[in-house]
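Novice: Numbering (my numbering), first residue to last: 123 to 438.
Got a structure here, written out as structure tokens. Questions coming.
Given below as structure tokens:
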């Protein structure tokens with residue numbers, strides 16, 4: 123079974139991530155934060171099913187190719203148990219949240235979706251308590267989760283966004299539902315058997331694409347592709363936040379650890395808000411910024427002990 127190797131993998135550690143990993147984690151936050159803006163722009167030229175299927179199909183092609191180059195072809199993924207996890211995650215943690223996100227972004231600003239995704243680390247904690255009780259959830263995490271869910275209530279509640287529309291609340295709930303799918307997928311992935319990580323990610327995208335492509339063709343037909351901002355946005359979302367970001371994520375976790383990787387939880391919502399305001403001119407209400415603050419503070423409290431331990435470094 124292949125593993126990810128890099129020139130920095132010998133020297134980088136969770137206590138000393140190194141310059142390369144700092145650059146990568148910042149770049150990853152910027153790229154993931156732009157995903158919601160990209161989907162919003164793509165929806166101006168294509169239907170939600172086409173955007174979802176196109177993102178998954180293009181992303182899967184890129185990632186399967188990259189996995190093969192890295193010596194991790196998906197046909198060597200494993201046996202029935204490995205593929206059972208892959209199919210389940212491809213449908214429930216990839217295809218479903220991508221669809222919910224595309225539907226929700228038809229009715230809410232991209233910044234809202236980005237802030238909603240910031241709740242994923244907080245949504246994971248109650249699931250960990252149920253499915254991985256050995257990890258434990260102490261008072262700090264309970265306080266952090268409580269603050270995060272208060273922020274979520276502010277975010278979804280009436281008046282959290284300016285604008286009107288009968289589907290506004292459903293759009294908000296769809297974005298939160300997508301975040302919940304990602305949280306469930308994160309916990310499920312921890313229970314999955316060991317597999318080559320990039321091949322695993324590529325295979326889950328391929329499963330999602332295989333599920334969504336027929337639906338898109340039946341509901342919306344073969345799209346008329348033109349050189350437009352919507353097309354460029356769809357390609358961007360497929361190649362960067364969907365495919366290449368997965369490779370960067372694997373690199374960072376392999377060399378610097380999952381705790382260091384979790385710093386993106388702070389960056390993604392902030393970048394999504396910046397993109398929404400500066401590039402899309404979205405009109406955001408004060409409630410959204412209050413919700414963002416509560417969610418980020420909740421993440422900080424919930425992860426404070428682990429973050430401080432990482433900053434202090436190894437004991438001598």
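The C-beta atom is built at its ideal place from N, Cα and C for all residues, glycine as well.
Based on Cα-Cα distance, which residue from 405, 318, 182 lies nearest to residue 376?
Specialist: Here the closest residue by C-alpha is 318.
Novice: Label residue 289 either buried or exposed according to how many other C-beta atoms from any shown protein chain fall within 10 Å of its C-beta, with 16 as the threshold for buried.
Specialist: By the 10 Å Cβ count, residue 289 comes out exposed.
Novice: Does the structure place the segment 190-206 close enough to the segment 351-366 that three or more beta carbon pairs sit under 8 Å?
Specialist: No: fewer than three Cβ pairs fall under 8 Å.
Novice: Can you say whether residue 349 is buried or exposed, counting buried as having 16 or more other CB atoms within 10 angstroms of its CB?
Specialist: Exposed, because fewer than 16 other Cβ atoms sit within 10 Å of the Cβ of residue 349.
Novice: Hey, how far is the Cα of residue 273 from the Cα of residue 198?
Specialist: If I take the Cα positions, the gap works out to 43 Å.
Novice: Expressed to the nearest angstrom, what Euclidean distance is found between the alpha-carbon atoms of residue 515 and residue 325?
Specialist: Missing from the structure shown is residue 515; the chain here goes from 123 to 438 and no further.
Novice: Residue 172 by DSSP, collapsed to three states: which one?
Specialist: Helix, per DSSP.
Novice: Please state if the CB of residue 406 and the CB of residue 277 are separated by a distance shorter than 8 Å.
Specialist: In this structure, residue 406 does not lie closer than 8 Å to residue 277 by Cβ.
Novice: How many whole angstroms separate the CB atoms of residue 188 and residue 374, which I take to be in contact at a CB cut-off of 8 Å?
Specialist: With a Cβ gap of about 16 Å, residue 188 and residue 374 do not count as contacting.
Novice: For residue 306, count neighbouring Cβ atoms within 10 angstroms of its own Cβ and tell me buried if that reaches 16, exposed if not.
Specialist: Buried is the call here.
Novice: If I measure Cβ to Cβ from residue 269 and keep anything under 6 Å in the same chain, skipping five residues before and after, which residues do I get?
Specialist: Correct list, in chain order: 416, 419, 420.
Novice: How many angstroms separate the CA atom of residue 116 from the CA atom of residue 342?
Specialist: Examination of residue 116 is not possible in this model, given that the chain is present from 123 through 438 alone.
Novice: Taking 7 Å as the cut-off, is the beta-carbon of residue 303 closer than that to any non-hydrogen atom of the ligand GTP?
Specialist: The ligand GTP is absent from the structure shown, which contains no ligands of any kind.
Novice: Which same chain residues end up closer than 8 Å to residue 401 when comparing Cβ atoms and leaving out the 5 residues on each side of it in sequence?
Specialist: 159, listed in sequence order.
Novice: Quick one, which of 300, 183, 353 has its alpha-carbon nearest residue 240's?
Specialist: That would be 300, whose Cα lies nearest to the Cα of residue 240.
Novice: With DSSP run on the structure shown, which of helix, strand or coil describes residue 224?
Specialist: Three-state result, residue 224: helix.
Novice: Could you check if residue 216 is buried or exposed, using at least 16 other CB atoms within 10 Å of its CB as the buried criterion?
Specialist: Looking at its Cβ environment, which holds 16 or more other Cβ atoms inside 10 Å, residue 216 is buried.
Novice: Who are the Cβ neighbours of residue 398 in its own chain at under 6 Å, not counting the five residues just before and after it?
Specialist: Taken in chain order, the residues that qualify are 231, 232, 233, 404.
Novice: List the endpoints of the continuous alpha helix (DSSP H) containing residue 153.
Specialist: 141-164 is the span of the alpha helix (DSSP H), which, as asked, contains residue 153.
Novice: For residue 153, does the count of other Cβ atoms within 10 angstroms reach 16, so buried, or fall short, so exposed?
Specialist: By the neighbour-count rule (16 or more Cβ atoms within 10 Å), residue 153 is buried.
Novice: Looking only at C-alpha atoms, which of 378, 333, 387, 339 sits nearest to residue 304?
Specialist: Measuring from the Cα of residue 304, the nearest candidate turns out to be 387.
Novice: Mind reading off the beta-carbon distance from residue 338 to residue 174? Whole number of angstroms is fine, and I expect it under 8 Å.
Specialist: Contact flag correct, Cβ pair sits at about 7 Å.
Novice: What residue from 414, 329, 346, 267 has the CA that sits closest to residue 391's CA?
Specialist: Ranking 414, 329, 346, 267 by Cα distance to residue 391 puts 414 first.
Novice: Is the Cβ-Cβ distance between residue 244 and residue 271 less than 8 Å?
Specialist: Yes, these two residues count as a Cβ contact at 8 Å.
Novice: Can residue 177 and residue 315 be called in contact, C-beta distance under 8 Å?
Specialist: Taking 8 Å as the Cβ cut-off, residue 177 and residue 315 do not qualify as a contacting pair.
Novice: Is it the case that the Cβ atoms of residue 180 and residue 320 are separated by a distance below 8 Å?
Specialist: Going by C-beta atoms, residue 180 is not nearer than 8 Å to residue 320.
Novice: Count the other C-beta atoms from every protein chain shown that fall within 10 angstroms of the C-beta of residue 333, then say buried if there are 16 or more, exposed otherwise.
Specialist: Answer is buried; the Cβ neighbour count reaches 16.
Novice: Going along the chain, which residues of its own chain have a beta-carbon closer than 6 Å to the beta-carbon of residue 422, five neighbours each way excluded?
Specialist: Around residue 422: no qualifying Cβ.
Novice: Determine the extent of the alpha helix (DSSP H) in which residue 192 is found, giving its start and end residues.
Specialist: Run containing residue 192: none; DSSP gives neither H nor E here.
Novice: Would you kindly work out how many angstroms separate the C-alpha atoms of residue 247 and residue 293, rounded to a whole number?
Specialist: Answer to the nearest angstrom: the Cα atoms are 24 Å apart.
Novice: Determine, using beta carbons only, whether residue 237 and residue 394 come nearer to each other than 8 Å.
Specialist: Result yes, Cβ atoms of residue 237 and residue 394 sit closer than 8 Å.
Novice: Assuming contact is defined by CB atoms lying nearer than 8 Å, are residue 157 and residue 359 in contact in what I supplied?
Specialist: Cβ distance < 8 Å, so residue 157 and residue 359 count as in contact.
Novice: Applying the 10 Å Cβ sphere with the 16-neighbour rule, what's the burial state of residue 206?
Specialist: That one is exposed.
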